[in-house]
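See structure below.
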Amino acid sequence: MASHSSTFVAIPSPTLYDPKDLVEFNTITQLPIKLNSSNYPPWYRQIHSLLVACDLEGYITSDTPCPPKTITTASSVSSNPPYNFWIRQDKYLYITLLGSCDSKAHAVMSMVETSRAASLSLERAFVACSCSYVMSLKERLNSSTKGSSTIATYLESICSTAEELSLIGHVIVDIDLVIHALNGLDPSFREFTASICTRDTPISFDELFVKLLDYEMYLKRDENFNHQTSIIANYANRGCSHRSNKGRNHNNHSTCSSVSFKHNNSSSTSNIVFQLYSKKGHNAQTCYKFTKNNQRSSNLATHATQATIPLLEWLFDSSA
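Residue numbers (the working numbering): 124 to 443.
Below, the structure is given as structure tokens:
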């Protein structure tokens with residue numbers, strides 16, 4: 124009976140360790156996350172889930188230890204088929220780990236031979252790096268500000284940082300995201316922030332996203348309205364100033380063109396020549412209109428003199 128039991132252990136069923144039962148993985152499709160210095164938690168979650176799904180987790184956790192290489196009986200020593208099967212499967216897992224890592228991780232794995240040893244080496248090498256990366260991401264989240272960017276760009280950057288933290292096992296709850304978003308807004312959103320903080324019920328980050336977009340549009344409409352009002356006011360002021368200047372120039376031109384005095388080098392009043400028209404080379408004394416109707420010219424000169432009086436009054440009123 125004992126001999127029969129020994130024979131059963133030494134020669135297991137050939138179908139129990141069939142090479143067809145070995146599990147291989149496609150690292151491109153099944154392991155899209157490649158291990159680097161900043162993503163150990165999500166990478167490990169990916170590997171762990173895949174091994175659990177294929178009932179191979181024990182190779183990494185040592186729950187499935189390596190069988191002895193040989194079977195020794197009272198009369199002989201023979202190879203152990205379970206050992207050969209375990210070694211082959213472990214090498215497939217080692218190749219899988221190697222294919223899911225970057226070049227730095229390859230250097231770490233090159234010093235060990237089994238999948239469990241490789242897993243432990245990767246954990247020691249990259250967990251510390253991941254901790255510093257977590258601190259860096261949280262600092263980035265705490266110091267996020269809107270600045271000159273749009274609301275969409277600002278909130279998307281917060282979402283991106285929160286997603287990176289979530290991938291490495293540090294989930295940011297919704298209320299914390301809302302607080303980070305409100306703290307980074309500029310003073311123009313002060314009223315909006317106050318309305319959110321005084322709500323009876325907390326607001327979700329998605330709802331805050333929509334409301335901030337609406338409020339940003341409101342601020343832009345208000346800014347455009349004020350800008351247009353300022354342009355209209357400036358245009359109206361320019362129009363009044365232009366009409367005033369035009370009136371002044373017209374009156375001055377009329378006065379200057381109606382009457383002019385020419386002085387020679389002598390200071391004698393007898394040398395003053397009266398010029399009715401502002402036309403060069405035209406003398407009023409030889410003008411047939413002037414000689415024909417001296418009274419009319421006199422009236423024109425009188426009218427030109429009187430035209431300056433309202434001008435002085437108008438200028439005085441405008442300056443007041």
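We treat Cβ as the ideally placed atom computed from N, Cα and C, and that holds for glycine. Note that the structure is predicted; figures quoted are calculated from it, not measured.
Subject >> Beta-carbon spacing of ALA285, LEU305 below 8 Å >> reply: In the sequence shown, the residue the question calls residue 285 occupies position 162. In the sequence shown, the residue the question calls residue 305 occupies position 182. No, they are not a contact pair.
Subject >> Close Cβ partners of LEU168 (< 8 Å) along its chain, the five nearest in sequence each way excluded >> reply: Walking along the sequence shown from the start, residue 168 turns up at place 45. First, the residue type needs correcting, since residue 168 is Arg and not Leu in the sequence shown. Excluding sequence neighbours, ARG168 sits near GLY292.
**OP:** State the start and end residues of the unbroken beta strand (DSSP E) segment that holds VAL200.
**Re:** Here residue 200 is taken as the residue at index 77 of the sequence shown, counted from 1. For VAL200, the enclosing beta strand (DSSP E) covers residues 200-202.
Original post:
Where does the unbroken alpha helix (DSSP H) through THR195 begin, and where does it stop?
Top reply: As a first step, residue 195 must be located in the sequence shown, where it is residue number 72. First-last for THR195: 193-195, but that is the beta strand (DSSP E), not the alpha helix (DSSP H).
**OP:** Given a cut-off of 8 Å, decide if ASN203 and LEU191 are closer than it, judged by their beta-carbon atoms.
**Re:** Counting from 1 along the sequence shown, the entry for residue 191 is found at position 68. Counting from 1 along the sequence shown, the entry for residue 203 is found at position 80. The identity of residue 191 in the sequence shown is Pro, whereas the question assumes Leu. Their beta carbons are under 8 Å apart, which means PRO191 touches ASN203 by this criterion.
Subject >> Burial state of ILE302 (16 or more Cβ within 10 Å) >> reply: Along the sequence shown, one-based indexing puts residue 302 at 179. Per the 10 Å Cβ criterion, exposed.
**OP:** Starting from MET258, follow the alpha helix (DSSP H) in both directions and report where the run begins and ends.
**Re:** The sequence position of residue 258 within the sequence shown is 135, counting from 1. Counting along the chain, the unbroken alpha helix (DSSP H) around MET258 starts and ends at 238-265.
Subject >> According to DSSP, residues forming a beta bridge with LEU158 >> reply: Position 35 of the sequence shown, counted from the first residue, corresponds to residue 158. For LEU158, which the question treats as bridged, DSSP gives the partners CYS224.
Subject >> Residue nearest to ILE295 in terms of C-alpha spacing, selected from PHE328, VAL231, GLU246, TYR140 >> reply: On the sequence shown, position 172 is the one that residue 295 refers to. Of the listed residues, the one whose Cα sits closest to ILE295 is PHE328.
**OP:** Report yes if the CB atom of ARG239 is closer than 8 Å to the CB atom of TYR163, and no otherwise.
**Re:** In the sequence shown, residue 239 corresponds to position 116, counting from 1. In the sequence shown, residue 163 corresponds to position 40, counting from 1. By the CB criterion at 8 Å, ARG239 and TYR163 fall outside the cutoff.
Original post:
What are the boundary residues of the alpha helix (DSSP H) that includes CYS282?
Top reply: On the sequence shown, residue 282 is found 159 positions in, with the first residue counted as 1. CYS282 -> alpha helix (DSSP H) spans 274-290.
Original post:
Sorted by chain position, which residues of the same chain lie with C-beta nearer than 6 Å to SER256's C-beta, five sequence neighbours on each side aside?
Top reply: Here residue 256 refers to the residue found at position 133 of the sequence shown. One point to set straight first is that residue 256 is Tyr, not Ser, in the sequence displayed. Result list for TYR256: SER161, in chain order.
Subject >> Three-state class that DSSP yields for SER401 in the structure shown >> reply: Against the sequence shown, residue 401 aligns to sequence position 278. Because the pLDDT at SER401 is just 49, under 50, the model does not fix this residue reliably, and the value given afterwards should be weighed accordingly. The answer is coil: DSSP assigns SER401 none of H, G, I, E or B.
Subject >> C-alpha gap between TRP76 and ILE281, whole angstroms >> reply: Residue 76 cannot be examined here, being either before or after the span of the chain that is shown, 124 to 443.
Original post:
Under three-state DSSP, which class holds CYS86?
Top reply: The shown model of the chain, from 124 to 443, leaves out residue 86, and the question about it has no answer.
**OP:** Leaving aside the five residues before and after THR193 along the sequence, list all residues of the same chain whose C-beta is less than 7 Å from its C-beta, in chain order.
**Re:** Here residue 193 corresponds to residue number 70 of the sequence shown, with the count starting at 1. Answer for THR193: VAL200, SER201, SER202, ASN203, listed in chain order.
Subject >> Cβ pair LEU220, SER242 closer than 8 Å >> reply: Locating residue 220 in the sequence shown gives position 97, where the first residue counts as 1. Locating residue 242 in the sequence shown gives position 119, where the first residue counts as 1. When the beta-carbon positions are compared, LEU220 and SER242 come within less than 8 Å of each other.
Subject >> Beta carbon of GLU262 nearer than 8 Å to that of TYR215 >> reply: On the sequence shown, residue 262 is found 139 positions in, with the first residue counted as 1. On the sequence shown, residue 215 is found 92 positions in, with the first residue counted as 1. Contact flag unset, no.
Original post:
Straight-line CA distance for LYS269 to ASP309?
Top reply: Taking the first residue of the sequence shown as position 1, residue 269 is located at position 146. Taking the first residue of the sequence shown as position 1, residue 309 is located at position 186. Cα-Cα distance, rounded: 7 Å.
**OP:** Would you grab the beta carbon distance between LEU154 and SER223 for me? Rounded to a whole angstrom, and I think it's under 8 Å.
**Re:** The residue labelled residue 154 in the question sits at position 31 within the sequence shown. The residue labelled residue 223 in the question sits at position 100 within the sequence shown. 4 Å between Cβ atoms; contact.
**OP:** Give a yes or no on whether the C-beta atoms belonging to TYR277 and PRO205 are separated by under 8 Å.
**Re:** Locating residue 277 in the sequence shown gives position 154, where the first residue counts as 1. Locating residue 205 in the sequence shown gives position 82, where the first residue counts as 1. No.
**OP:** Would you decide whether ALA228 is buried or exposed? Buried here means 16 or more other CB atoms lie within 10 Å of its CB.
**Re:** As a working note, residue 228 is residue 105 in the sequence shown. Note on ALA228: 16 or more other CB atoms within 10 angstroms of its CB, so buried under the neighbour-count rule.
Original post:
Per DSSP, what kind of secondary structure is HIS293 in: helix, strand or coil?
Top reply: Stepping through the sequence shown from its first residue, residue 293 is reached at position 170. Of the three classes helix, strand and coil, the one that applies to HIS293 here is coil, per DSSP.
Subject >> LYS143, DSSP secondary structure in three states >> reply: Indexing the sequence shown from 1 puts residue 143 at position 20. Secondary structure of LYS143 (DSSP, three-state): helix.
**OP:** Could you pull the start and end residues of the alpha helix (DSSP H) that ARG313 belongs to?
**Re:** Taking the sequence shown and counting its residues from 1, one reaches residue 313 at position 190. 313-320 is the span of the alpha helix (DSSP H), which, as asked, contains ARG313.
Original post:
When the Cα of PHE249 is compared with those of SER311, ALA230, SER267, ASN265, which residue comes out closest?
Top reply: Position 126 of the sequence shown holds residue 249. Taking PHE249 as reference, the option from SER311, ALA230, SER267, ASN265 with the minimal CA-CA separation is ALA230.
**OP:** Would you please state the rounded distance, in angstroms, between the beta carbons of ASP213 and THR237? I believe it to be under 8 Å.
**Re:** Counting from 1 along the sequence shown, the entry for residue 213 is found at position 90. Counting from 1 along the sequence shown, the entry for residue 237 is found at position 114. Going by Cβ atoms, the distance from ASP213 to THR237 rounds to 6 Å, so yes, they are a contact pair.
**OP:** Find out if the Cβ-Cβ distance for the pair LEU260, LEU288 is shorter than 8 Å.
**Re:** Residue numbering aside, residue 260 sits at position 137 when the sequence shown is read from its first letter. Residue numbering aside, residue 288 sits at position 165 when the sequence shown is read from its first letter. In this structure, LEU260 sits near LEU288, with a CB-CB distance shorter than 8 Å.
Subject >> PRO142 versus TRP209: straight-line alpha-carbon distance, rounded >> reply: On the sequence shown, position 19 is the one that residue 142 refers to. On the sequence shown, position 86 is the one that residue 209 refers to. The alpha-carbon of PRO142 is positioned some 10 Å away from that of TRP209.
Original post:
So ILE274 and LEU336 are in contact, right, with Cβ under 8 Å, and what is the actual spacing, rounded?
Top reply: Residue mapping note: residue 274 aligns to position 151 of the sequence shown, counting from 1. Residue mapping note: residue 336 aligns to position 213 of the sequence shown, counting from 1. Right, their Cβ atoms sit about 6 Å apart.
**OP:** Would you grab the beta carbon distance between ASP225 and ASN159 for me? Rounded to a whole angstrom, and I think it's under 8 Å.
**Re:** For the purposes of this step, residue 225 is identified with residue 102 of the sequence shown, where counting begins at 1. For the purposes of this step, residue 159 is identified with residue 36 of the sequence shown, where counting begins at 1. The C-beta distance from ASP225 to ASN159 rounds to 5 Å, short enough to meet the 8 Å contact threshold.
**OP:** Count the other C-beta atoms from every protein chain shown that fall within 10 angstroms of the C-beta of ILE151, then say buried if there are 16 or more, exposed otherwise.
**Re:** To locate residue 151, count along the sequence shown from 1; it is residue 28. Flag for ILE151 reads exposed.
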